[in-house]
Each structure stands twice: as C-alpha cells, then as structure tokens.
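Enquirer:
Numbering (this note's numbering), first residue to last: 561 to 1195.
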C-alpha cells in the first residue's frame, strides 16, 4: 500500500490550467478585473458610494485578466501539487504568443459546417486587393517571463497595421506575489488604415482591432528535473457587459458535448441535478437582467421563475407521479425534428442560420446540446441524482479541493463564454465544434512552433477547411479569433433581439449574457428602493427596462451607431449587482439582489466621418436598422 501511495504522489508532468483562458479588452490603462475562477462565483455587490468594480475613476472599462496556474500531476494525470504557488520549489519560465490575423483571413458569411452554407455567399478573403498579406497580420511574437525573479511585466506589442500608424498593443503578461501568470489583452482600439468608415457588422475592409489569441506554454524545473508541460491557450475577447450571467448553453457545454461524442470524455451514467440539470433552468431565469422577454417569462414573480424555492423543489422531485409534469416541461425545449423554425420553444435564442425574414430552417433558432437534451430525457424518467444541497458548489477558489482545481478553472473560464449563436459569436465560433481542434477535452491542439500554414485559395469552403493541414487542426497564434468580426465593436453593436417585432419586440435574442438588450437603469432602481413610494410605482419601475444600446443613438442610422461603438464602447453599461430593498414590503415584492446597469451615458460627440451614408448593408445590417427604433428596444 505504501508503494502505491508513493507512486501516486510522484510528479511526472506539469499541466497548465485553465486549458483555455479568457481575457477581455478594456480601455482603462491601469488596473484589471480577474476572470472567473469558479463556475459559480459570489456576486460582486455594489452599494451606493462604493467604487465601480468594472471601471477606473475616469469611467473607462477595466480589462479582464486571465490567470494561469501550473500543476504537477502523477502518472494517472491526477493533480498532486500546484507548482506555481509560492514556495513550491519549482522554477518556471512562461511563454505567451499573441497574434491577430483577422484582416488577413476570410470574411464571415455563415458558419461553414451547417447545411445553409452551401447556398450562402462564398467565404472570400478579407482585403483581397492587398498583396502584402503579412502587413495585415498583427503578431506580437513569443514573449517570455521568468517567474519569481522580481517584479516583471512584459508588454506584447505587434507591428504597425499595413505599415501605418503606431505599433498595435495586444496585451501584457506578468506575475505578482507568486509564479501564477496573469495576461490581459488589448485596449479595445480599432481603426482603419485608410480612414474608411465601418459599414457592416463583421467584414469591414481596411480595419483591424486588438483582440488576439495564442499559446501559453512554460518550461518547468522541479526537484532538479525538466518536466514535460501540457500547454494551454489564451483567447482575448470583447468586454463582458453582463458579468454575472451565463447563456443557457455555454461554451463549456458545447466543448463537453464535442468530447463526449468523440469518445474522449465519458458521459455520466446519471446526470447531477445540481451540476447538469438545474443550471439549464436557472440560466434562463438569470437572463431576466439583460433581456425584457426573459424577465417577463422567467424572471422574478413570473410563471417560470426557476430561481424560486418552489420551482427548485418541483424540478428536483423524482416521484413517478411527477413524470408527466417533467415531460411537459422538457417538451418546452426546442427539438429540431419537431419545432422547425418556430420562435416559441425554449431557449429564446437565435441560431447559426438566423435570417430576417426568418429562415425556414431549424437553425433559425438555437437548441440545447445533444448531451443536455439526453440528460433532460433521463430527468423526465426520474433517472438523475438529486444532490441538491449536498453536491459541492464552489463560490470561491479556496473552497476547491486540490485534485479538482484544474478542471474547475477550465469550466469557470468557458462557462462565461457563449455557444449561441455562432454568427460569428462573441469569443469563438463554429470551428470549436470539430474534434480535430483538440489535443484532449477542452484543450486546443497546438501547431508545431514555426509551422507555416499553407494557403487555401481565394474562397474557403468546408472541405477546404477540413483538409490536410487546414485551419481545423493544430492552431497557430491568432488562429481562434481570426474567424470573428472585424472590428469586434461593429458585431457587438449589431446583434440584438426581437427582429420580428410582430412576434415579440424582445425575443428571441442573440447574446444577452454578454451583450444585454434591455436593462434596469439606476433611475428605476432608485424608485424600487424608495419605500415611501406607492407599491404600484415601485413595481412599475422594477418591470421597466431601457434599451442597452440607447447611448449609441436610437434615432441615428446604423452606420453612425456601429462607428460610435468603435470609438465609445465604454459608454455602454455594465450590469452590476446591487442589494434589494430591506423594508418589510420590499422583501415580498422584490428579490434580495437586483442587477442594474451601472451607467447610461449617451454619446454626444460625433465620430469621424459621421455623415457617411448607410450603404452596402447586409441582411443582418438591415435587421439592425429596423431594431434600432426606440419602440423596439423598450419593454
């Protein structure tokens, strides 16, 4: 027995976690917020007079930092020790390589792995007339940091875009009191080298932004030996304007489904109510703070307020007598073979093939993953583990047992990323559905260092992408974010909700967990908190939701709106958590915690070329012009 214990505690390899770290741009030159390190972090509760946790004193958005740790694992892959902790005795040299390849890559038309791609506009190169393709790439190169050797901070700066302007800052890497690596990305600065105005949601010629991605690797010496190191990846994404919210199907859910279908991850025999089933329901209720339709359908006091104790008790009841109840609830979720393109089934989110007028395809709207739907089928039959109140739910990282810390870090990062809709998306897009992208579950495969990717021609097809040495295999720096919109601000400002207003002005919606649609303002929150007001006035204020994009100018044209977003993305509100009323009446009428937009700053300063006409608009752009009407953005 002693020999077995000795063998199991022997460190044979080092592994970097999270497997995929998520940083987010912010225009504050100093400070940062740390990305989630547990899937269910405690809310940051903001009280009157307290500093804004998401902004600096000038109101600029703080960037989100990703923190990486290194763990020593035994021959079974189990974590034995954190090697990046203070006093571990490990000598660690970190390497990070950030790049942005958007302008040199192919434009986005539609996800190439869905049937609708066969009839879509061809996926052609961005900036096709630029012969010097290298001038379109922003590559900061590999940067190194020797942890534990004094206070260090390394800026990661690429060259000049199209050989013009200033070098482009892509991020920073540093360690603080230990050997854990912190990485932030760019400052949200987007520009066109030829001074052209942005006119479309995703493929603006001549433009670049400063999001990026790339490998995170390390050299580790422990007890005199060089350990092999399993690397990670860093993705720099747009800001998170709804930091408490998760989508109904997260990127972790999607990648878990990919791994289960590939056979590299085993599906649990029975789903956990706490970890697998209840999150599906709870997330729909959580979206009440970022979308008025979800607030009415699943929010506080609504018919389907799944966050209430009564609903939790009903959902976790395994009794055979409640089987039909569970079946009826489950049948509310979208099933492609029966629900087609109807907007009615849950979740009320747009899909990869969303179009206006609505496309007659099941992919007009989103559905849950195959794994999630299978677990709901088990739930209907009462075949699940009722572990409510007994399964551990970690709210702080200090609570997490050492052996679980790696997986918890990865899930925390990916649970706050979106899987729907990939049009193209917020953080990543459709290639992450391919098993060829991964070396193991949730961990991207790396291309050999220095490998030069072959050209794929003027038009990219699904077959071309899947071919030998194609972009769906080992990844190069900048390989993940190149599929996304350029610049990111135009897409963030475009993807909204309730496009078919004759059905509903607020749902379905695109990305409310990251990009809100309708929010509770500070002004209305003040009315809710005022116990001297009549009950009906307070309830009316609580139910009222304002258009999140209003600072962009609801009466402005689409071109003006997206260009204002480019220059003033920090004017859009972050949805923060505030305490609910404490008066006796308020306890019954309102939740204990209320999520409120931190500010609602209208943009009065015109952007450059603000008189540019709305021309050459895509279908999505035209939809956004429609939805920009004030009556379509207020509950």
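By construction, the Cβ of each residue, glycine as well, lies at the ideal position given by its N, Cα and C atoms.
Mind checking who residue 727 pairs with in its DSSP beta bridge?
Expert: Paired residues: 720.
Enquirer: Should residue 921 and residue 893 be called a contact, given that it needs their Cβ atoms to be closer than 9 Å?
Expert: No. Outside cutoff.
Enquirer: What are the uninterrupted segments assigned as alpha helix (DSSP H) that are 4 or more residues long and contained completely in the segment 1075-1102, given in chain order?
Expert: As far as the segment 1075-1102 is concerned, its whole alpha helix (DSSP H) runs of at least 4 residues are 1082-1089.
Enquirer: What separation, rounded to the nearest whole angstrom, lies between the Cα atoms of residue 502 and residue 911?
Expert: Within the shown structure, residues of the chain are numbered from 561 to 1195, placing residue 502 beyond reach of any answer.
Enquirer: Going along the chain, which residues of its own chain have a beta-carbon closer than 7 Å to the beta-carbon of residue 850, five neighbours each way excluded?
Expert: Cβ neighbours of residue 850 beyond the five flanking positions: 802, 805, 1072, 1073, 1076, 1077, 1079 and 1135.
Enquirer: State the Cα-Cα distance for the pair residue 1051 and residue 761, rounded to the nearest angstrom.
Expert: Their backbone Cα atoms lie some 5 Å apart in a straight line.
Enquirer: Can you list, in chain order, the residues of its chain with a C-beta nearer than 6 Å to that of residue 1172? Leave out the 5 residues immediately preceding and following it.
Expert: Any reading at residue 1172 needs caution, since the residue's pLDDT is 44, under 50, leaving its predicted position unreliable; the model's value is listed next. Cβ within range, chain order: 757 and 1119.
Enquirer: Quick check: the segment 983-996 against the segment 1028-1039, are at least 3 beta-carbon pairs closer than 8 Å?
Expert: Verdict: yes, contact present.
Enquirer: As a quick exercise: from 579, 702 and 607, pick the residue whose alpha carbon is nearest that of residue 628.
Expert: Answer by Cα proximity: 579.
Enquirer: Could you check the C-alpha separation between residue 1128 and residue 734 for me, to the nearest Å?
Expert: Residue 1128 and residue 734: Cα-Cα distance of roughly 28 Å.
Enquirer: In whole angstroms, what is the alpha-carbon distance linking residue 790 and residue 770?
Expert: Cα-Cα distance, rounded: 27 Å.
Enquirer: Candidates 979, 1160 and 1151: which alpha carbon is nearest residue 861's?
Expert: Cα-wise, what sits closest to residue 861 is 1151.
Enquirer: In this structure, does DSSP put residue 1212 in helix, strand or coil?
Expert: Here the chain covers residues 561 to 1195 and nothing more, so residue 1212 does not appear.
Enquirer: Residues in the same chain with beta-carbon distance under 6 Å from residue 1019, minus the five sequence neighbours each way, listed in chain order, please.
Expert: Cβ within range, chain order: 682 and 684.
Enquirer: Beta-carbon separation of residue 943 and residue 837 under 9 Å?
Expert: No; because the gap between Cβ atoms is not below 9 Å, this pair is not in contact.
Enquirer: So residue 650 packs on residue 643, CB below 8 Å; how close in whole Å?
Expert: The pair is a contact, with the Cβ atoms about 4 Å apart (cut-off 8 Å).
Enquirer: Based on the DSSP output, what are the partners of residue 797 in its beta bridges?
Expert: DSSP output for residue 797 lists 584 as bridge partner(s).
Enquirer: Where does the unbroken alpha helix (DSSP H) through residue 1136 begin, and where does it stop?
Expert: That residue, residue 1136, is in no alpha helix (DSSP H); its beta strand (DSSP E) goes 1135-1139.
Enquirer: Give the list of continuous beta strand (DSSP E) stretches no shorter than 3 residues that lie fully inside the segment 960-1036.
Expert: Correct list: 998-1000.
Enquirer: Pop quiz: residue 955 and residue 598 are said to be a contact at Cβ under 8 Å. What is the actual Cβ separation, rounded to whole angstroms?
Expert: That pair is a contact at about 6 Å.
Enquirer: Determine the direct distance from the alpha carbon of residue 1047 to that of residue 953, and round the result to whole angstroms.
Expert: If I take the Cα positions, the gap works out to 38 Å.
Enquirer: Which residues mark the beginning and the end of the alpha helix (DSSP H) in which residue 931 is found?
Expert: It spans 930-940 - the alpha helix (DSSP H) in which residue 931 sits, taken as one unbroken run.
Enquirer: With 16 other CB atoms within 10 Å as the buried threshold, where does residue 1131 fall?
Expert: Buried.
Enquirer: Apply the 10 Å Cβ neighbour rule to residue 763 and answer buried if 16 or more other Cβ atoms are within range, or exposed otherwise.
Expert: Burial call: buried.
Enquirer: Comparing alpha-carbon positions, which option in 934, 899 and 814 lies nearest residue 980?
Expert: Comparing Cα positions, the closest option is 814.
Enquirer: Quick one: Cα of residue 722 to Cα of residue 661, how far?
Expert: When rounded, the distance between both Cα atoms is 12 Å.
Enquirer: Please report how far the alpha carbon of residue 777 lies from the alpha carbon of residue 586, in whole angstroms.
Expert: So the two alpha carbons sit approximately 24 Å from each other.
Enquirer: CB residue 794 to CB residue 626, shorter than 9 Å?
Expert: For residue 794 and residue 626, yes; Cβs fall inside 9 Å.
Enquirer: Quick one: is the Cβ of residue 689 within less than 8 Å of any heavy atom of the ligand FAD?
Expert: Inclusion of the ligand FAD in the displayed structure is not the case, the ligand content being empty and no account of it being possible.
Enquirer: When you compare only the Cα positions, how much space is there between residue 1114 and residue 816?
Expert: Roughly 39 Å separates the two Cα atoms.
Enquirer: Quick one: measure Cβ to Cβ for residue 939 and residue 886, integer angstroms, because I've assumed they're closer than 8 Å.
Expert: Contact holds; Cβ gap of about 6 Å.
Enquirer: Give a yes or no on whether the C-beta atoms belonging to residue 908 and residue 895 are separated by under 9 Å.
Expert: Result no, Cβ atoms of residue 908 and residue 895 do not sit closer than 9 Å.
Enquirer: Report the rounded CA-to-CA distance for residue 715 versus residue 783, giving the unit in angstroms.
Expert: Going by the C-alpha atoms only, they are around 31 Å apart.
Enquirer: Less than 7 Å between C-beta atoms, sequence neighbours within five positions excluded: which residues of the same chain meet that for residue 639?
Expert: Hits under 7 Å: 631, 633, 962, 963, 965 and 966.
Enquirer: In this structure, what does DSSP give as the bridge partners for residue 575?
Expert: Paired residues: 631 and 790.
Enquirer: In the structure shown, what three-state DSSP assignment does residue 855 receive?
Expert: It is helical.
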